[in-house]
Amino acid sequence: MSEPAASIHHLHADRFAELVPRALANVELRGALANATDTIRNRRATALAGVDDLQALRGRAKAIKSEALEHLDEHLERFEKTAEANGIKVHWASDAEAARAVVLDIAARTGARIAVKAKSMVSEEIGLNDALIDAGVVPVETDLGEWIVQLAEETPSHILVPAIHKRRREIRDLFARVLGRPMPDDAPGLTAIARNELRTHFATADLGISGANFLVAETGSFLLIENEGNIRLTTSLPKVHVAIAGIEKIVPRLEDLAPLVRIIARNGTGQPISCYQTLVSGPKTSPDDDGPEEIHVVLLDNGRSRLLADELTAETLRCIRCSACLNVCPVYRQIGGHAYGSVYPGPIGAILTPQIAGLHAASQLPDASSLCGACREVCPVDIDIPGVLLHLRHQAAASDEDDAAGVDPVTETKNRAARRGFGLWRWAMASPARYAMLGRIGRISVRAIRRVPRLSRFIGPLRGWCDGRELPPAPDRSFRDGSTARRISARNGGRRGE
Amino acid sequence: MQVALFITCLMDQFRTSAAEATVEVLERCGCDVVFDPRQTCCGQPAFNAGQHDAAIPVCRSAIRILDEQLQDGCEAIVVPSGSCAAMFRHAIGLLDGADAEAASRVAKASYELSAFLVNRLDRIDVDAGWTGRVAWHDACHGLRELGIASEPRRLLQAVRGLELVESATCDRCCGFGGTFSVNLPGISVGMADDKIDELESLGIDAVVSGDTSCLMQLEGRLAARGSTVRGVHLAEILASRDHASGSES
Numbered sequence: 042m043s044e045p046a047a048s049i050h051h052l053h054a055d056r057f058a059e060l061v062p063r064a065l066a067n068v069e070l071r072g073a074l075a076n077a078t079d080t081i082r083n084r085r086a087t088a089l090a091g092v093d094d095l096q097a098l099r100g101r102a103k104a105i106k107s108e109a110l111e112h113l114d115e116h117l118e119r120f121e122k123t124a125e126a127n128g129i130k131v132h133w134a135s136d137a138e139a140a141r142a143v144v145l146d147i148a149a150r151t152g153a154r155i156a157v158k159a160k161s162m163v164s165e166e167i168g169l170n171d172a173l174i175d176a177g178v179v180p181v182e183t184d185l186g187e188w189i190v191q192l193a194e195e196t197p198s199h200i201l202v203p204a205i206h207k208r209r210r211e212i213r214d215l216f217a218r219v220l221g222r223p224m225p226d227d228a229p230g231l232t233a234i235a236r237n238e239l240r241t242h243f244a245t246a247d248l249g250i251s252g253a254n255f256l257v258a259e260t261g262s263f264l265l266i267e268n269e270g271n272i273r274l275t276t277s278l279p280k281v282h283v284a285i286a287g288i289e290k291i292v293p294r295l296e297d298l299a300p301l302v303r304i305i306a307r308n309g310t311g312q313p314i315s316c317y318q319t320l321v322s323g324p325k326t327s328p329d330d331d332g333p334e335e336i337h338v339v340l341l342d343n344g345r346s347r348l349l350a351d352e353l354t355a356e357t358l359r360c361i362r363c364s365a366c367l368n369v370c371p372v373y374r375q376i377g378g379h380a381y382g383s384v385y386p387g388p389i390g391a392i393l394t395p396q397i398a399g400l401h402a403a404s405q406l407p408d409a410s411s412l413c414g415a416c417r418e419v420c421p422v423d424i425d426i427p428g429v430l431l432h433l434r435h436q437a438a439a440s441d442e443d444d445a446a447g448v449d450p451v452t453e454t455k456n457r458a459a460r461r462g463f464g465l466w467r468w469a470m471a472s473p474a475r476y477a478m479l480g481r482i483g484r485i486s487v488r489a490i491r492r493v494p495r496l497s498r499f500i501g502p503l504r505g506w507c508d509g510r511e512l513p514p515a516p517d518r519s520f521r522d523g524s525t526a527r528r529i530s531a532r533n534g535g536r537r538g539e
Numbered sequence: 019m020q021v022a023l024f025i026t027c028l029m030d031q032f033r034t035s036a037a038e039a040t041v042e043v044l045e046r047c048g049c050d051v052v053f054d055p056r057q058t059c060c061g062q063p064a065f066n067a068g069q070h071d072a073a074i075p076v077c078r079s080a081i082r083i084l085d086e087q088l089q090d091g092c093e094a095i096v097v098p099s100g101s102c103a104a105m106f107r108h109a110i111g112l113l114d115g116a117d118a119e120a121a122s123r124v125a126k127a128s129y130e131l132s133a134f135l136v137n138r139l140d141r142i143d144v145d146a147g148w149t150g151r152v153a154w155h156d157a158c159h160g161l162r163e164l165g166i167a168s169e170p171r172r173l174l175q176a177v178r179g180l181e182l183v184e185s186a187t188c189d190r191c192c193g194f195g196g197t198f199s200v201n202l203p204g205i206s207v208g209m210a211d212d213k214i215d216e217l218e219s220l221g222i223d224a225v226v227s228g229d230t231s232c233l234m235q236l237e238g239r240l241a242a243r244g245s246t247v248r249g250v251h252l253a254e255i256l257a258s259r260d261h262a263s264g265s266e267s
């Protein structure tokens, strides 16, 4: 595809196959993930039980996002007008590089030295921190989890809970190492340390950087949702603020925020509402006001607009990043976020990453699912995640080495084996006699392996199966070769007989 | 009522007892069961792997055979697998023209076994007896694509001698997922372990499911762990009239 260079920072989803065994071997990680995701999903269930019109609310949220996407260009242009009327400068960025350039330009022009940052996935997506550091600006993450991840020089492993993979002990040791003094053992003690450290940065920062949960076309304002108060400080203390938002964050009207705010907190953290909703509508207008003197909004495409071409792929843009799908995903629960090799992990990451960065960069991710559908079941905006996974698998399977879209080498090897395997399967399934023969060979192989397990090494698919599982006992004859099947097929005369 | 039986390929080859049991239960409930031996597979393994070139002809063949059976007087199609029954719905989008129309008819007439008994025949008590304590495993496609949840539980509760307990992880995937189970075995086995840890804590004799594939996955892992919990197909319990001896037929 000759699209602009949409890219995701630090993307290494092509290493999925080697990252998975490493994640699985990390017993502590799996324990932390199981505990954390169980806690959040239970909280979510409790929070949603309190909504008596849940399906209606879900329908409303989906309708708002669908409406916004249907005329995305018009809503974005309206936002540009209304926001600029409010004194907000709006910038359009076609890809990550363009977005970074806008921010660096603002930082340079205003002489920024320290930037305090609200947690923002889009900022991770465009690799803003590295770019700021290269330009001599010190970025300081102010969300507790995000700060922990920054200190550890890692990337977030969850959309909403960046340090979900870290246990308290690890965080204590990390703080002690970075701050050079002994640390308390308890969570409140560690949080207090973080708060004190971050206050110093808030006091000295000259640039505030955030994402945006929703952009309102009608009023030219943007909403930020949080629990720690750090975003309130990020958007009000520094004299310049930049919010970076994917173009899909737009909603038509101010009143659209009410159902979305109700649904995002319940689904994300299991709260009826988050502690702080900050609606930013413009810079300060008189010297006595609080708040920044300059506010900028960067509207980022980075591969998003091409998803609009198709009804199914456009669904992905409805996502409000609540991360409910991560918390119910049995695969995410086993391997955590880092194994996906993308800043967007879990079920939504498995469809979002290959669609915005290109299938060639993340063709293994659509396979990271048993297609159980738990993600779709919880999605507050009803994204057909399994349907998109199937669509992407088909795309990956249909591409070959000559295809410009391409897939990574691991997928290509898998594809080649799958094409061979399913070619044989298709040939066998096309005829009842050949099917019966393949079945017989299958049962004989299974019986042989049950007697001599190491034989499984020589039979491709069975090798994977025998990695931790026994094969079922194989009956001597299939159902169709038995007397019951004969009785109920022969009885109806020639047509249905052999 | 004349019903066409679609036996999933895995069951046909590896779980013949469940296929036999399906026929027995349906006949006990007064159905005239017809099996067309030209059927092979619904096409799902290839479809889920994105291999449409392989999936389409196999799926089309299954749809044509079943549609023919409907034209020949079968009033319903019964599938002892939620997963394969759900595949007939996907077939509508996968196939073209007349085949897509046939797929619509087939999907509409298809029932997973428990849904057929409860919703179509209005049978809760199928005169079964099975002694033991069991937990139900909701197979993903049956639960989330076909909405089957209460039907198997109601049927099990009516079985004499059987005690049904609810598992907290009943609706969590067992980790099978077709080719997923062999492509990413570590994750797949981890998912099974998650469920089995909880199932073993319930003090049950068996975990019951409506899908052979889930049972293969769970039993395969249970056996590797040396567990005392067994896997049983719903049809095997419903066919059983063995209340006193403490095991299925």
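Listed in order, the protein sequences are those of chains H and S. Residue 42 is where the first sequence starts when you use this note's numbering, and the numbers rise one by one after that. Residue 19 is where the second sequence starts when you use this note's numbering, and the numbers rise one by one after that. We put the beta carbon where it would ideally sit given N, CA and C, even for glycine. Since the model is a prediction, treat every value here as computed from it, not as a measurement.
Any C-beta of chain H under 9 Å from that of residue i
{"i": "Cys188/S", "result": "no"}
{"i": "Asp2/S", "result": "Nothing about residue 2/S can be read from this structure; chain S reaches only from 19 to 267."}
{"i": "Met209/S", "result": "yes"}
{"i": "Asn137/S", "result": "no"}
{"i": "Gly100/S", "result": "no"}
{"i": "Leu202/S", "result": "yes"}
Terminal residues of the beta strand (DSSP E) in which residue i lies
{"i": "Phe53/S", "result": "50-53"}
{"i": "Gly414/H", "result": "Run containing Gly414/H: none; DSSP gives neither H nor E here."}
Residues that DSSP places opposite residue i in a beta bridge
{"i": "Phe263/H", "result": "Leu256/H, Val321/H"}
{"i": "Glu335/H", "result": "Val281/H"}
{"i": "Gln268/S", "result": "Because chain S is modelled from 19 through 267, residue 268/S falls outside the range shown and cannot be assessed."}
{"i": "Leu9/S", "result": "Since the first and last residues shown for chain S are 19 and 267, residue 9/S lies out of range."}
{"i": "Val97/S", "result": "Glu130/S"}
{"i": "Arg248/S", "result": "Ala224/S"}
{"i": "Lys130/H", "result": "His337/H"}
{"i": "Pro180/H", "result": "Ala156/H"}
{"i": "Leu248/H", "result": "Ala156/H, Val281/H"}
{"i": "Ile291/H", "result": "Leu256/H"}
{"i": "Arg259/S", "result": "Gly147/S"}
{"i": "Ala355/H", "result": "For Ala355/H, which the question treats as bridged, DSSP gives no partner whatsoever."}
{"i": "Ala286/H", "result": "Leu340/H"}
Any non-hydrogen atom of the ligand FAD within 8 Å of residue i CB
{"i": "Val302/H", "result": "The ligand content of the structure shown is nil, which means the ligand FAD is not present either."}
is_contact[residue i, chain S] using C-beta, thresh 9 Å
{"i": "Val372/H", "result": "yes"}
{"i": "Glu59/H", "result": "no"}
{"i": "Ala102/H", "result": "no"}
{"i": "Val558/H", "result": "Because chain H is modelled from 42 through 539, residue 558/H falls outside the range shown and cannot be assessed."}
{"i": "Ile376/H", "result": "yes"}
{"i": "Asp55/H", "result": "no"}
{"i": "His435/H", "result": "yes"}
{"i": "Gly480/H", "result": "yes"}
{"i": "Gly483/H", "result": "yes"}
{"i": "Leu95/H", "result": "no"}
{"i": "Lys325/H", "result": "no"}
Candidates the options, of which the one nearest residue i by Cα
{"i": "Pro75/S", "options": "Ala157/S, Asp223/S, Leu112/S, Gln175/S", "result": "Leu112/S"}
{"i": "Arg236/H", "options": "Asp342/H, Arg307/H, Trp188/H", "result": "Trp188/H"}
{"i": "Ala36/S", "options": "Asp211/S, Thr230/S, Phe24/S, Met234/S", "result": "Thr230/S"}
{"i": "Cys92/S", "options": "Ala64/S, Ile255/S, Phe53/S", "result": "Phe53/S"}
{"i": "Arg481/H", "options": "Glu453/H, Asp517/H, Trp468/H, Ile490/H", "result": "Asp517/H"}
{"i": "Thr276/H", "options": "Thr454/H, Met224/H, Lys160/H", "result": "Lys160/H"}
{"i": "Ala104/H", "options": "Ile490/H, Ile485/H, Ala350/H, Ile291/H", "result": "Ile291/H"}
Where the alpha helix (DSSP H) containing residue i begins and where it ends
{"i": "Gln89/S", "result": "70-89"}
{"i": "Asp211/S", "result": "203-218"}
{"i": "Pro427/H", "result": "426-439"}
{"i": "Lys103/H", "result": "95-111"}
Positions along the region 411-427 of chain H whose CB lies within less than 9 Å of some CB in chain S:
Listed by position, the residues of the region 411-427 of chain H near chain S (Cβ gap below 9 Å) are Ser411, Leu412, Cys413, Gly414, Ala415, Arg417, Glu418, Pro427.
Near-chain H residues of the region 153-167 of chain S - C-beta to any C-beta below 9 Å
Cys158, His159, Leu161, Arg162, Glu163
Residues in the region 54-72 of chain S with C-beta within 9 Å of chain H's C-beta atoms, listed in sequence order?
Asp54, Pro55, Arg56, Gln57, Thr58, Cys59, Gly61, Pro63, Ala64, Phe65, Asn66, Ala67, Gly68, Gln69, His70, Asp71, Ala72
The region 497-531 of chain H: positions lying closer than 7 Å to chain S by Cβ
Answer in chain order: Pro502, Gly505, Trp506, Asp508, Gly509, Arg510, Glu511, Leu512, Pro513, Ala515, Pro516, Ser519, Phe520, Arg521, Gly523, Thr525, Ala526, Ile529, Ser530.
Taking a cut of 7 Å between CB atoms, which residues from the region 389-408 of chain H lie near chain S?
Of all residues in the region 389-408 of chain H, Asp408 have a Cβ within less than 7 Å of some Cβ in chain S.
To be precise: take each residue of the region 461-477 of chain H, compare its Cβ to all Cβ atoms of chain S, and keep it if any distance is under 7 Å. Which residues remain?
Phe463, Gly464, Trp466, Arg467, Met470, Ala471, Pro473, Tyr476
Mind checking the region 62-74 of chain H against chain S and listing, in chain order, the residues whose C-beta falls within less than 7 Å of any C-beta there?
Within the region 62-74 of chain H, the residues whose Cβ lies closer than 7 Å to any Cβ of chain S are, in chain order, Pro62, Leu65.
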